[in-house]
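Undergrad: I'd like to ask you about the structure that follows.
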Amino acid sequence: MHDQQTSVFKQNTLAVLLFSLGYLLVLAYFNYVDPYHHAFFESGLTVVLYNCARLFFIVYLIWMFYIPGDLFLRWMSGIDYRPLSMTSALLAFFAGVGIWHIVLLLMGFFGWYVRILMMGMTLSLFAISLPRLNQWMGVVANYRKEINWPGFLILLLPVLFFLMTKGLYPAGGGHDYYDHYFPYYLRVVERGNILPNEVWYHFYYSKGDGLFFLSMLLADPLSPQLATTAFMVAGAGVVFSILKTSYKSMMPWMGVALYFTFLIYTPGPVENMDNGGWANLEKAHEPSSVLMLAMIWMSIGLIKNNLPRLYGMALLLTGSALILIHPYSIVFAAPYFGMATVLFYKRHHRMAAFWSLLTLIVMCAWSLFFCLVNWLLTGIPEEQALLVYWPFIDFNKVNAWGVLLDIFKLQWDRIGRAAGNEPLFSLSFLSHLLSYLRLDVWGPLLLLTVSLFLIRIKNADERLRIFRTLDKASICAFAGFLSCVILVSALISRNNGLSYYRFTIFSYAPMLCLCLLVLGTVLQSKRLNKAWLIFGFAMACFVLSPFMNYQLSRIHRVLSNAAQFAVGNYSIAAGYEHPRGLPGQEPWGGIYPASRVIWSILPLKTRVWSMHVHSYCMLPDCQMESYPSYRLSKHEAVIYYGDPMEAKAVLKKEKLNYFFFSNVLELTDPLPLMPLFSPEHIADYFGVAWTNGIDTLLTWKEDAQSPLDRVWLQNYRSAVNHSKTVIAFPFAQMKDVLESTKVHYA
244 MHDQQTSVFK
254 QNTLAVLLFS
264 LGYLLVLAYF
274 NYVDPYHHAF
284 FESGLTVVLY
294 NCARLFFIVY
304 LIWMFYIPGD
314 LFLRWMSGID
324 YRPLSMTSAL
334 LAFFAGVGIW
344 HIVLLLMGFF
354 GWYVRILMMG
364 MTLSLFAISL
374 PRLNQWMGVV
384 ANYRKEINWP
394 GFLILLLPVL
404 FFLMTKGLYP
414 AGGGHDYYDH
424 YFPYYLRVVE
434 RGNILPNEVW
444 YHFYYSKGDG
454 LFFLSMLLAD
464 PLSPQLATTA
474 FMVAGAGVVF
484 SILKTSYKSM
494 MPWMGVALYF
504 TFLIYTPGPV
514 ENMDNGGWAN
524 LEKAHEPSSV
534 LMLAMIWMSI
544 GLIKNNLPRL
554 YGMALLLTGS
564 ALILIHPYSI
574 VFAAPYFGMA
584 TVLFYKRHHR
594 MAAFWSLLTL
604 IVMCAWSLFF
614 CLVNWLLTGI
624 PEEQALLVYW
634 PFIDFNKVNA
644 WGVLLDIFKL
654 QWDRIGRAAG
664 NEPLFSLSFL
674 SHLLSYLRLD
684 VWGPLLLLTV
694 SLFLIRIKNA
704 DERLRIFRTL
714 DKASICAFAG
724 FLSCVILVSA
734 LISRNNGLSY
744 YRFTIFSYAP
754 MLCLCLLVLG
764 TVLQSKRLNK
774 AWLIFGFAMA
784 CFVLSPFMNY
794 QLSRIHRVLS
804 NAAQFAVGNY
814 SIAAGYEHPR
824 GLPGQEPWGG
834 IYPASRVIWS
844 ILPLKTRVWS
854 MHVHSYCMLP
864 DCQMESYPSY
874 RLSKHEAVIY
884 YGDPMEAKAV
894 LKKEKLNYFF
904 FSNVLELTDP
914 LPLMPLFSPE
924 HIADYFGVAW
934 TNGIDTLLTW
944 KEDAQSPLDR
954 VWLQNYRSAV
964 NHSKTVIAFP
974 FAQMKDVLES
984 TKVHYA
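Read in this note's numbering, the sequence shown has 711 at position 468, and its numbers run on one by one without any break.
This is the structure in C-alpha cells:
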C-alpha cells in the first residue's frame, strides 16, 4: 500500500513538473519564436506548432484565472471551501477572474502593462500554485478511471469544431473587430496603459478588458480569443453543474454539447448575419455573458447550498469583473439582482438577500467609479447618454483629447436613431425580441418543451410529479433573468437592433438551461433516454430547418477553412484572407489587397488614413486608420473648418502623411467636406504615392510620385457625390454647435 502511494505521489509530481515546464516553453515560444510577427505568411509545421502552443496556452490561462480565486476563497471561507470539487473550482475560477480584473485595471491606469512584469507575476503565481496543482493531478488521475465515455464522445466533435472555428481561426472577429476593437487592444498593449488614446470611444467600452491585455502581453495580439475560450469552457462547466444538480443521466453532457454546438456558427437572423453575426470571441460580450451565467448560478447556490458566504464572496468578485469587462451589462445585472434581493427577502432567505443586495451595490459602485474616471480623464462621464450628462461635460478636456466633433456627430446620430424607434407593440419588435431571447437558436427546443409540458400535465398524477420534482429555484432564476431581458429590450433596444442583438448573447445559455431543466423533468418517467431524445431533436431542427439548410454550404466552408488552418495548410495571413462562409465578411477578409501592398512599401507602423471602413489591414504593425473609430487629429476643428495650409501643417506635425482612396469601396468618411480634401482643391495639396488604377495611396504633392489626373478626380468626385456618409453629414450644423461651445473650452 505504501509503495502504491509512493508511486502515485511520484507520478503526480512528475505531471506537475511537466505541466510547469510546459508553461515556460509556451512563454518562450511566443516571446522568441513569435510566429505572429516573424512567420505571419508561413504555413505547414509552423502553423501546426503555433496552434498547439495556443491550445496549451488556453489550458494555462484557465489555471491562472483559477488560482487567485482559489487562494482568496480558501482564506475567506475556511472549512466551507472544499477545493477539489467541481463547484468550488468554478467558484474559484470566477472569483479569480474578478481579482485579476481589479488588479489589471489599476495596473493599466498606472502604466504597468509591461511584458516582463506580467511574465514575472504569472510565474510567481504558478510557483505558489504548485501544491494545489499536485492535488488536482491526483483528482484527474482518479477521475480518469470513472469517466463517462458516452458523454465524452458526445462532446468530442462539438468541442473540436468550436475550438477550430472560434478558438483558433484568426478571421472570426469581423468588421468592427478589424476596424476598432483590435486596434484599441493593440494601442493599450503597445503603450502599456489604458489611458485615452486615438481609438477614442473604446476607452469607454474596453479599458477594463484586463485579461485580454494580459493574454496579449504573454502571447501575441491574437490572444483575446484564447482568453474568451477559457471563459467559454468555464461557462460549459456552469451548464454542466446546473443540469447535474437535477439530473444524474446523460443530460449534463448533452447540455454542454448543445452549448458548444450552437456556438460553432453564429450568423443570427439575416439582418445580423449581413453585419457579422454574434459570438465573436475577440469581443467583450462573450466573456461577460459567461460571467452573467455564473452569477445566476451563484444566486441559485445562495439558497440551495448552506454556504452563503462562499457563494456570496465569489458573487461579489464575479459581479465586479462583469462591470469592469462590459460596463453596460449593468442594465441586465441590476434588474436581476434587484428582483432577487426582494424575492429572497420575502422568502426569508436573509443571507441570500444580503449577498444579492451587496452584489448590486458593488456593481453600481463600479459603474459610478467608471463614470467618475471617464469624467476626470476625458470630460465625459459616459458616452451613451450625452444629453443626460451635457451640463456636466468638461469641454476643455474633450477638446484637449481632440474628439469634440466626434462627440457631436455621435450624439447627432443617436438623436436620429431615437426618432426611428420601433413601436413597442409591433410584429417587427416582437420578432426582434424573440431573437434577443435567442429563440432563433433555441426556438425548436422551447417549442418541444412547452408542447410536452402541456401534454403531460393533463394527467393529474403526472402533473403532481412534475411540479414536485421541478428544480423551482433554478427555473425561477433563469425565467426571472429572461424576463429582465424582455423588460430591458422594451426600454432601450428599439433603435439599435444590430448592436443590441450581439449584446443579448447574455440570453443564450440561460434559455438553454431553462428549456433543459423543464424538459428533463417532463420526460423523467419515460424509459427512453431523455438526453438522447433532446439532443437528437435539437440537432434535427438545426439541420432540417429551412434557415439552417440555407446555411449548410456556409457552415461547410467555415469548417473547411478552420480545418485548413488547424493542420497548417493556411498561414495566419491566409486565415485572414479566407473568410468564406463567415457572417458579414467581405471577400478579402481581414486584409484588403491594396492594404497589403501599402504595408509592404511603407515603414511599419506608418499612419495611413483610409476613407473607407472596409479597407482592413490585419497585418502585423499595419496602422490603417479610418472614421469614425479613430481620432483624425488632436486639432480637429482646424482640419474640418480651418485654412487648408494650416490643416496640412497640423497633419504633418502629427505624422499623418498618407491617405487611402479606392474607386470600388464605399466612401465612408466626411473628409471630402473639409477644405483640404474637397474635390475642387484636393489636387492642389495631394499627389499619388502609389496606385494600381483602382486603389490610390495619396501623399503631399511635394512628396508624390505623380499628380492627380483628370480621371482620378472624376472618380473621386463621383464617390463623394454617392457617399451616404458625406450626404448625411451635418457639416454646417456641427460648425454652429462648435461655435456655441467655444465659451466652454476656449
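Glycine residues also receive a C-beta, built at the ideal position from the N, C-alpha and C atoms.
If distances are taken between C-alpha atoms only, which option among 626, 639, 969 comes closest to residue 446?
TA: It is 626.
Undergrad: Pop quiz: residue 355 and residue 311 are said to be a contact at Cβ under 8 Å. What is the actual Cβ separation, rounded to whole angstroms?
TA: With 8 Å as the limit, residue 355 and residue 311 do not qualify as a contact, their Cβ atoms being about 17 Å apart.
Undergrad: Nearest by alpha-carbon distance to residue 419: which of 444, 450, 406 is it?
TA: Closest by alpha carbon: 444.
Undergrad: State the beta-bridge partners of residue 931 as determined by DSSP.
TA: The partner list for residue 931 (beta bridge, DSSP) reads 941, 949.
Undergrad: Does the stretch 962-973 come within contact of the stretch 914-932, defined as at least 3 CB pairs closer than 8 Å?
TA: Contact between the stretch 962-973 and the stretch 914-932 is present, because at least three Cβ pairs lie under 8 Å.
Undergrad: Measuring CA to CA, which of 469, 806, 464, 500 is closest to residue 1039?
TA: A query on residue 1039 cannot be resolved here, the shown segment of the chain reaching from 244 to 989 and no further.
Undergrad: Whose C-alpha, out of 289, 749, 869, 973, is nearest the C-alpha of residue 522?
TA: Residue 749 is the option with its Cα nearest to residue 522.
Undergrad: According to DSSP, simplified to helix, strand and coil, what is residue 355?
TA: Looking at residue 355 - three-state DSSP - the assignment turns out to be coil, as it is neither helix nor strand.
Undergrad: Measuring CA to CA, which of 262, 267, 292 is closest to residue 808?
TA: With distances taken between Cα atoms, residue 808 lies closest to 292.
Undergrad: Name the DSSP beta bridge partners of residue 538, please?
TA: Note: residue 538 sits in no beta bridge, so no partner.
Undergrad: For residue 546 versus residue 592, is the C-beta spacing smaller than 7 Å?
TA: A contact, by the Cβ cut-off of 7 Å.
Undergrad: Give me, in chain order, the residues of the same chain whose beta-carbon lies closer than 7 Å to that of residue 335; leave out the 5 immediate sequence neighbours on both sides.
TA: 309, 312, 313, 316.
Undergrad: So, for residue 682: in the same chain, excluding its five sequence neighbours on each side, which residues have a beta-carbon less than 8 Å away from its beta-carbon?
TA: The answer, listed in chain order, is 689, 754.
Undergrad: Going along the chain, which residues of its own chain have a beta-carbon closer than 7 Å to the beta-carbon of residue 362, five neighbours each way excluded?
TA: Cβ within range, chain order: 270, 461.
Undergrad: Using the Cα positions of residue 554 and residue 391, report the straight-line distance between them to the nearest angstrom.
TA: Roughly 28 Å separates the two Cα atoms.
Undergrad: Give me the DSSP bridge partner(s) of residue 868.
TA: 852, per the DSSP bridge assignment.
Undergrad: Is the stretch 814-834 touching the stretch 395-414, taking contact as three or more C-beta pairs under 8 Å?
TA: Because the criterion of three Cβ pairs below 8 Å is met, the stretch 814-834 and the stretch 395-414 touch.
Undergrad: Per DSSP, which one or two residues make a beta bridge with residue 903?
TA: 853, 940.
Undergrad: Would residue 799 be called buried (16 or more neighbouring beta carbons within 10 Å of its own) or exposed?
TA: Exposed, by the Cβ-count rule.
Undergrad: Do residue 747 and residue 835 have their beta-carbon atoms positioned less than 7 Å apart in this structure?
TA: No, these two residues do not count as a Cβ contact at 7 Å.
Undergrad: Taking residue 715 as the reference, which of 699, 758, 734 has the closest Cα?
TA: Considering only alpha carbons, the answer is 758.
Undergrad: Ignoring anything shorter than 4 residues or poking outside the stretch 496-536, list the alpha helix (DSSP H) runs there in chain order.
TA: DSSP runs (the alpha helix (DSSP H)) wholly in the stretch 496-536: 513-516.
Undergrad: Pick helix, strand or coil for residue 700, following the three-state DSSP scheme.
TA: Three-state DSSP puts residue 700 in coil, outside helix and strand.
Undergrad: Give a single yes or no on whether residue 830 has its beta carbon closer than 6 Å to a heavy atom of the ligand ATP.
TA: With respect to the ligand ATP, the structure offers nothing, as it holds no ligand at all.
Undergrad: Out of 911, 656, 375, point me to the one whose CA is closest to residue 977's CA.
TA: Nearest C-alpha to residue 977: 656.
Undergrad: Ignore the nearest five residues each way along the sequence and tell me which others in residue 988's own chain have a CB closer than 6 Å to its CB.
TA: Here the model assigns residue 988 a pLDDT of 43, short of 50, so the residue's position is not dependable and the matter cannot be decided.
Undergrad: Counting beta carbon pairs with one atom in the stretch 526-537 and one in the stretch 469-489, are three or more of them shorter than 8 Å?
TA: Short answer: they touch.
Undergrad: Report the partner residues of residue 834 according to the DSSP bridge assignment.
TA: Beta-bridge pairing links residue 834 to 860.
Undergrad: Measuring only the C-alpha atoms, how far is residue 958 from residue 904?
TA: Cα to Cα, residue 958 sits roughly 10 Å from residue 904.
Undergrad: Rounded to a whole number of angstroms, what is the C-alpha to C-alpha distance between residue 979 and residue 551?
TA: Taking the straight line joining both Cα atoms gives about 58 Å.
Undergrad: Leaving aside the five residues before and after residue 804 along the sequence, list all residues of the same chain whose C-beta is less than 6 Å from its C-beta, in chain order.
TA: Around residue 804: 821.
Undergrad: My understanding is that residue 457 touches residue 347, with C-beta atoms under 8 Å, so please give their C-beta distance in whole angstroms.
TA: Yes, they are in contact, since the Cβ atoms of residue 457 and residue 347 sit about 6 Å apart, within 8 Å.
Undergrad: Buried or exposed: residue 971, going by 16 or more other Cβ atoms within 10 Å of its Cβ?
TA: Exposed, by the Cβ-count rule.
Undergrad: Just to confirm the assignment, what range does the alpha helix (DSSP H) spanning residue 561 have?
TA: 551-568 is the extent of the alpha helix (DSSP H) around residue 561.
Undergrad: Which residue comes first and which comes last in the alpha helix (DSSP H) that contains residue 821?
TA: No alpha helix (DSSP H) holds residue 821; DSSP gives it neither H nor E.
Undergrad: Residues in the same chain with beta-carbon distance under 7 Å from residue 883, minus the five sequence neighbours each way, listed in chain order, please.
TA: So the list reads 648, 917, once near-sequence residues are dropped.
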